[in-house]
Amino acid sequence: MNGEPILPPLKPIPIKDRISVAYVEKGNVDVLDGAFVVVDKNGIRTHIPVGSLVCIMLEPGTRVSHAAVVLASRVGCLLIWVGQSGVRLYSAGQPGGARADRLLYQAKLALDDETRLKVVRKMYEMRFKEKPPERRSIEQLRGIEAVRVRKMYELFARQYGVKWIHRNYDYTEWESGDVPNRCLSSATACLYGVTEAAILAAGYAPAVGFIHTGKPQSFVYDIADLFKFETVVPMAFRIASKNPKEPEREVRLACRDAFRQSRLLRRIIPTIEQVLSAGGLPFPGRPDESIAPAIPNKEVIGDAGHRG
Amino acid sequence: MLVIVVENAPPRLRGRLAIWLLEVRAGVYVGNVTRRVREMIWDTVIKGIEDGNAVMAWNTNTESGFDFVTCGANRREPVEIDGLKLVSFLPEISQDGEADSL
Chain G
259 MNGEPILPPL KPIPIKDRIS VAYVEKGNVD VLDGAFVVVD KNGIRTHIPV GSLVCIMLEP
319 GTRVSHAAVV LASRVGCLLI WVGQSGVRLY SAGQPGGARA DRLLYQAKLA LDDETRLKVV
379 RKMYEMRFKE KPPERRSIEQ LRGIEAVRVR KMYELFARQY GVKWIHRNYD YTEWESGDVP
439 NRCLSSATAC LYGVTEAAIL AAGYAPAVGF IHTGKPQSFV YDIADLFKFE TVVPMAFRIA
499 SKNPKEPERE VRLACRDAFR QSRLLRRIIP TIEQVLSAGG LPFPGRPDES IAPAIPNKEV
559 IGDAGHRG
Chain D
623 MLVIVVENAP PRLRGRLAIW LLEVRAGVYV GNVTRRVREM IWDTVIKGIE DGNAVMAWNT
683 NTESGFDFVT CGANRREPVE IDGLKLVSFL PEISQDGEAD SL
């Protein structure tokens, strides 16, 4: 330290106060004078307001410096490495499970058959705006859901005049998918990115799911499904119906509008809390014998799961 | 809507402001943030401005529809006239301490 005045430490701001997502396609992602920049091969710098973004999708053709990753994690912006057209490869920047109390609460709900069923029922209730039939197992509910979802896809396809065969998830052969499927995959990738960032920011674990299980992003799929059919699905079909030249680009632009109109970022964390509280378990307090951390946590303006 | 203009600010402060806001011209930052974030950003400006000066304006529920704060020395000084916030443009001070007739 040379005695010069220093800036206050960087802290994350709440997810709900941010803008959703930015895609970086080509260039070196680096830090210059403390700002997050993308430098292309001609030396053109573009500043990215990393602290005001929920997540940044890094596409093939980007290189990220160590300093840039440090900065993204300081401001709680999730970096997501995606393949061409948003097929996800890898993600980092914000380690999960920042809050042990929330992680344990989520795990406890997921481990118990009774509470898990309650959470799943709540998820279906929120999705379909009506209570699911009584005395059904999760397996049966999943079957009912699958039928409804298929019908909804068909309904949207008819509504927008799109030729629809079935949902095709084959992400290994991207180009093989038809236009509506490509639009849907691109749009859901966008939604999953934002959802994962919100789950991490709220202090929960993306892998501990209720309807979906066994994937690193099971809980992301659970939560994203609550918003999918009011936001990205109709939008994807609308775009597919226009038979666009660059479906992915159109979809991304429309995603931003869809997220804004549905006030997604404002609703997503409260919705997570609401769904989990349907399990009926009290939020765990601190055990009596536990001792407080030696260095107390400072008060921050970010979300609970943000590392301040 | 939030606008911050900095003059003679150290590069690290300008870089820091670009974390949350968009620098649309040299030293001019634009964004849309909540009150808490705005206060956090202004705190950063005050701590990092050193010998420079800065002004921050944002829309709020006043009669003029906006409010602003400043820090550091500048010939434009905020003045309050009957609850209305205006700006006075101070004359240039010449070497002998007398006000320039401009």
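Going line by line, the protein sequences match chains G and D. Under my numbering, read the first sequence as residues 259 to 566, first letter to last. Under my numbering, read the second sequence as residues 623 to 724, first letter to last. Glycine residues also receive a C-beta, built at the ideal position from the N, C-alpha and C atoms. All values derive from a computational prediction rather than experimental measurement.
At a CB-CB cut-off below 7 Å, which residues of chain D make contact with residue i?
i	result
G573 of chain G	The requested residue 573 of chain G does not occur in the structure, where chain G is confined to residues 259 to 566.
I271 of chain G	V659
D275 of chain G	V655, T656 and V659
For residue i, which residues in chain G fall below 9 Å Cβ to Cβ?
i	result
G670 of chain D	P263, I264, L265 and P266
Quickly, what does DSSP pair residue i with across the bridge? List them, please.
i	result
F690 of chain D	D:A679
G285 of chain G	G:T320
A280 of chain G	G:I314
K707 of chain D	D:E702
V655 of chain D	Answer by DSSP bridge pairing: none, since V655 of chain D is not bridged.
H305 of chain G	G:V295
L644 of chain D	D:V652
E629 of chain D	D:N675
L624 of chain D	D:G653 and D:W680
V290 of chain G	First, the residue type needs correcting, since residue 290 of chain G is Leu and not Val in the sequence shown. Looking at the DSSP assignment, L290 of chain G forms a beta bridge with G:A293.
If the cut is a Cβ gap below 8 Å, which residues of chain G does residue i touch?
i	result
T666 of chain D	L265 and P266
T682 of chain D	Ordered by position in chain G, no residue passes the 8 Å Cβ test against T682 of chain D, which lies about 16 Å from the chain.
Quick one: list the residues of chain G neighbouring residue i, beta-carbon separation under 7 Å, in chain order.
i	result
L643 of chain D	P307
M662 of chain D	I559
Apart from the five residues on each side of it in sequence, which residues of its chain come closer than 6 Å, Cβ to Cβ, to residue i?
i	result
C227 of chain G	The structure shown has nothing for residue 227 of chain G, since chain G only spans 259 to 566.
S723 of chain D	In this prediction, S723 of chain D has a pLDDT of 49, which is less than 50 and means its spatial position is unreliable; what the coordinates show is noted afterwards. Result list for S723 of chain D: empty, nothing under 6 Å.
V322 of chain G	V287
P270 of chain G	V333, G334, G560 and H564
E672 of chain D	P632
V580 of chain G	Residue 580 of chain G lies beyond the range of chain G shown here (259 to 566); nothing can be said about it.
V308 of chain G	F294, A330, V333 and C335
H470 of chain G	S476, Y479 and D480
Excluding five sequence neighbours on each side, which residues of the same chain lie with their C-beta closer than 8 Å to the C-beta of residue i?
i	result
L644 of chain D	Y651, V652 and G653
T320 of chain G	V282, E283, K284, G285, N286, V287 and V296
The ligand HEM and residue i: does the residue's C-beta get closer than 7 Å to at least one heavy atom of that ligand?
i	result
S499 of chain G	In the structure shown, the ligand HEM is absent, as is every other ligand, since no ligand is present at all.
Note down, in chain order, each residue of its chain lying with its Cβ closer than 7 Å to the Cβ of residue i, except the 5 sequence neighbours on either side.
i	result
H424 of chain G	none
E488 of chain G	S520
W680 of chain D	M623, L624, R660, F688 and D689
Worksheet item: Considering only residues of the region 415 to 498 of chain G, which uninterrupted alpha helix (DSSP H) runs meet the minimum length of 4 residues and lie entirely inside it, listed in chain order?
Response: Taking 4 residues as the shortest admissible run, the region 415 to 498 of chain G contains the following complete alpha helix (DSSP H) segments, listed from N- to C-terminal end: 437 to 460 and 476 to 486.
Worksheet entry | Near-chain D residues of the region 297 to 313 of chain G - C-beta to any C-beta below 7 Å | Across the region 297 to 313 of chain G, CB contacts with chain D closer than 7 Å involve H305, P307, V308, G309 and S310, in sequence order along the chain.
Worksheet entry | Residues in the region 545 to 559 of chain G having any Cβ partner in chain D nearer than 7 Å | Here the close residues are I559.
Discussion item. What are the residues in the region 321 to 338 of chain G lying within 8 Å of chain D by C-beta distance?
Written reply: Going along the region 321 to 338 of chain G in chain order, one finds L329 and V333 with a Cβ nearer than 8 Å to chain D.
Worksheet item: Can you list the alpha helix (DSSP H) stretches of 4 or more residues lying completely in the region 369 to 416 of chain G, in chain order?
Response: Qualifying alpha helix (DSSP H) stretches, in chain order: 371 to 386.
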